[in-house]
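Everything in the sequence shown is counted per our numbering, starting at 4 for the first residue and increasing by one. What follows is a single structure, written as structure tokens, with notes after it.
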Amino acid sequence: MLQDVYVKVWNRAGSYDPARGQAMGWLIAVARNAALDRLRARPEARGLRRAEPMNDPEAPDPVAALPAEGPDAEAMLAARDQMARVVDCFGELEPDRAQAVRGAYLMGLSYAELADRHGVPLNTMRTWLRRSLIRLRECLER
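Structure below.
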């Protein structure tokens, strides 16, 4: 079904009109219509045979057999704690150093771009970043 939606979106991309709404809404409409078409095409939807009851207590739950998506609650709490520690450690850096680290490792800026932005020589920026990462690692190890 997902592949069918991808193909429909690919083939109909030229029919998308930004004046009529956002792209996400158009994508959702294409996926919804494809799902409805698939449901209507099922034999029981055409009255050829009766669908099996969905509330049979003896039937195994197909959803229960699916693996859980994403992290469990414990992993989410651990990640939130780790994120708070990283934020605290960033607070220990000088503001310009913290901004340079964010620029390099979160925004993907090059060392040269950061050096220009902060008005320092390229080797100074490299030193800032190296020393800042060392300080962050030391802080996180405490």
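In this text, a Cβ means the ideal position worked out from N, Cα and C, and glycines have one as well.
Exercise for the section: Tell me whether the beta-carbon of residue 96 lies closer than 7 Å to the beta-carbon of residue 106. Expected result: no
Exercise for the section: Measure the alpha-carbon distance for residue 26 versus residue 73 and round it to whole angstroms. Expected result: 26 Å
Practice task
Give the straight-line distance between the Cα atoms of residue 137 and residue 115, rounded to the nearest whole angstrom.
Solution key: 21 Å
Handout entry: Assigned secondary structure, residue 113 (DSSP; H/G/I helix, E/B strand, else coil)
Key = coil
Practice task
Buried or exposed for residue 10, please, with buried defined as at least 16 other CB atoms from any protein chain shown within 10 angstroms of its CB.
Solution key: exposed
Exercise for the section: Report back the beta-carbon spacing between residue 143 and residue 88 to the nearest angstrom; my notes put them in contact at under 8 Å. Expected result: 6 Å
Problem - Residue burial classification, residue 103 (beta-carbon count within 10 angstroms, cutoff 16) - result: buried
Handout entry: Where residue 97 falls: helix, strand or coil (DSSP)
Key = coil
Practice task
Leaving out five residues on either side along the sequence, give the residues of the same chain with a beta carbon under 7 Å from the beta carbon of residue 124.
Solution key: 118
Practice task
Using the Cα positions of residue 78 and residue 108, report the straight-line distance between them to the nearest angstrom.
Solution key: 24 Å
Practice task
Label residue 139 either buried or exposed according to how many other C-beta atoms from any shown protein chain fall within 10 Å of its C-beta, with 16 as the threshold for buried.
Solution key: buried
Practice task
Verify whether the separation of the beta carbon atoms of residue 8 and residue 44 is less than 7 Å.
Solution key: no
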